[in-house]
Amino acid sequence: MAFFDEPMETMPQERIRDTQLQKFKKQIRHIFENNAFMRKRLLETGAVPEEIKSWEDIKKVPFTQKKDLRENYPLGLLSGNWEDVVRIHMTSGTTGVPTPMVYSRNDLEIWTECMARNFVAGGIKKGDIVQQAHGLGLFTGGFGFHYGLERVGAKVIPTGAGGTERQLRLMQEWGTTVFTGTPSYAVYIAEIAIEKGIDPVKDLKLRLGFHGGEPCSDELRARISERLGYKAHGGGMRVCYGLTEMGGPMAMDCEYTQGIHIWGDHYLVEVIDPVTLEDVEPNKPGELVLTNLSFEAMPILRYRTGDRVIVSFETCECGRTHPRIVSFLGRVDDMLLVSGTNVFPSQVEYVLMKHPELSENWQLVVGEKKGLHTLKVEIEPVAGVEIDETYILKLEKELHSYLEITCKVELKSIGSLPRFEGKAVRVRDERKNAMR
Ligand SMILES: [Zn+2]
């Protein structure tokens, strides 16, 4: 097993905890002294730096939420010197004010280091040729990947997202061994390859895929590994995780795919019950809360990510001692309330992807009929498969028992459902007063 920085990646857990407590105390002081919004908030709640001495004290520090970043757009949460800021990213903000993140030179260095650790853990070697198809722009993803990959000595082709035929041509011309982008884009590129008569196993050399930006079930991961030839070439797909509020992508799984490693020396990981806001026990599901312990420009304390996860604090088979997200249960935001029942699109994907007859293209439609909510999933078969009425009825039964709500299934012809080069949009809410 190769490491980028073995002593840091395998340091004893007590040392990770000590580092976290020390860094948290330093970070809250930095923020208190340099940010007016946070100083006021910390004074109001009594969680001032002098009072934060132990782990119990950290629990008194108020959570930060997405609305805090938006309401303070663009620079209300800046704690570092504006003169030292060298990069500005933000979310697309298509549904409102963007969520910003700004970086000092040191912040970019830490981000690069986290990503470099991830890539080595995931199996990247010096000499790998990487087609980097995460968006290069305001979105944090592409740049985090780019700098991390260069740091480990890989050869990066920064294609950004899209231009699928060119992506395939470049893969053949340059013998690309690693592909990065969203899982939906990986699915799409595999489909276009087959359409163009390119067999990824015979005609391409892809060995690893690093895919993030949207949730991905184990079933979908297995399919992508197979379709794009990762598995046939002795590698596989790695899942990536990150969010703009924490500086971008910063966590991935290793070659053992036993959960996504989050670097504890740079991020404090907490898992809370979203209702009581108390810590949940290790290995129990809850909302992920992260603190950026190392950034200086715009560090965020106790950020409620909205992601429902299970975290393990046990050492991974690879020897890395840092916390791992071992299960992703969906985003709190993605939860649909359908006639009083909570439905997560990830649950639907879980059921569908167990069926080899169904393609990775599907859409969930929430509608309304005579004042009642309805749920329907539109599916496409894979090429050469016939799907009959009996199959549909069986699938509807299976969805009902898993979701605990009636879900109709509608068969669509191959190629009729939307494809995505970036993040997939899986839900169409056609209710008059869509409740999200
Ligand atoms: Zn590991």
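Using our numbering, the first residue of the sequence shown is number 3, and each one after it goes up by one. We put the CB at the ideal spot given by N, CA and C, even for glycine. Quick caveat, the model's predicted, so the values are computed rather than measured.
| Item | Value |
| --- | --- |
| Distance cut-off 7 Å: TYR258 Cβ against heavy atoms of ligand 1 | yes |
| Per DSSP, the bridge partner or partners of ALA253 | TYR243 |
| Rounded C-alpha distance that separates MET337 from GLY139 | 28 Å |
| Minimum Cβ-Cβ distance from THR101 to chain B less than 8 Å | In summary, chain B is missing from the structure at hand, where a single protein chain is found. |
| Cβ-based burial, TRP57 [other Cβ within 10 Å; buried from 16] | exposed |
| Residue nearest to GLU359 in terms of C-alpha spacing, selected from GLU388, VAL273 and ALA4 | GLU388 |
| Beta-carbon spacing of PHE181, LEU110 below 8 Å | no |
| Own chain partners of ARG225 with C-beta closer than 6 Å, once the 5 adjacent residues on each side are dropped | none |
| Distance cut-off 7 Å: GLU319 Cβ against heavy atoms of ligand 1 | yes |
| Neighbourhood of ASN74 by C-beta distance below 7 Å, restricted to the same chain and skipping five residues each side | PHE39 |
| CA-to-CA distance, TYR404 to PRO251, given in whole angstroms | 31 Å |
| Inter-residue Cα distance where the pair is GLU8 and CYS256 | 14 Å |
| Simplified DSSP assignment, three categories, for GLU388 | coil |
| Any beta strand (DSSP E) of 3 or more consecutive residues that is wholly inside the region 57–134 | 87–92, 102–106 and 131–134 |
| Cβ-heavy atom distance, ARG322 to ligand 1, below 7 Å | yes |
| Complete alpha helix (DSSP H) runs within the region 305–384 (minimum length 4 residues, chain order) | 347–354 |
| Separation of LEU208 from LEU395, as counted between CA atoms | 38 Å |
| Inter-residue spacing [alpha-carbon to alpha-carbon] between VAL154 and ILE126 | 8 Å |
| Run of the beta strand (DSSP E) containing HIS148, from where it starts to where it stops | From DSSP, HIS148 is part of no beta strand (DSSP E) but of the alpha helix (DSSP H) over 143–153. |
| The region 64–80 touching the region 114–132, judged by at least three CB pairs closer than 8 Å | no |
| Range of the contiguous alpha helix (DSSP H) that encloses LEU45 | 38–47 |
| Segment contact flag, the region 141–157 with the region 269–287, C-beta cutoff 8 Å, min 3 pairs | no |
| Local conformation of LEU419 per DSSP, three classes | coil |
| Identified DSSP bridge partners for PHE34 | Answer is none; PHE34 lacks a bridge partner. |
| Residues bridged to TYR269 [DSSP beta-bridge criterion] | ASN294 |
| Element boundaries [beta strand (DSSP E), containing VAL180] | 180–183 |
| Rounded separation between HIS402 and VAL350 - CA only | 10 Å |
| Per DSSP, cross-strand counterpart(s) of ARG430 | VAL367 |
| HIS357 CB to nearest heavy atom of ligand 1 below 7 Å | no |
| Identity of the residues DSSP links to GLY214 by a beta bridge | CYS242 |
| Short Cβ contact (8 Å threshold) for ILE18 with THR317 | no |
| Rounded Cβ spacing between LEU79 and ILE302 (contact assumed at less than 8 Å) | 7 Å |
| Inter-residue Cα distance where the pair is ARG438 and LYS128 | With a pLDDT of only 40 at ARG438, under the threshold of 50, the placement of this residue in the model should not be trusted; the figure read from the coordinates follows. Each residue's Cα considered, the two are about 45 Å apart. |
| Residues bridged to GLY137 [DSSP beta-bridge criterion] | DSSP, once it has assigned bridges, lists no residue as partnering GLY137. |
| Three-state secondary structure assigned by DSSP to GLU412 | strand |
| VAL158 vs GLN174 beta-carbon contact at 8 Å | no |
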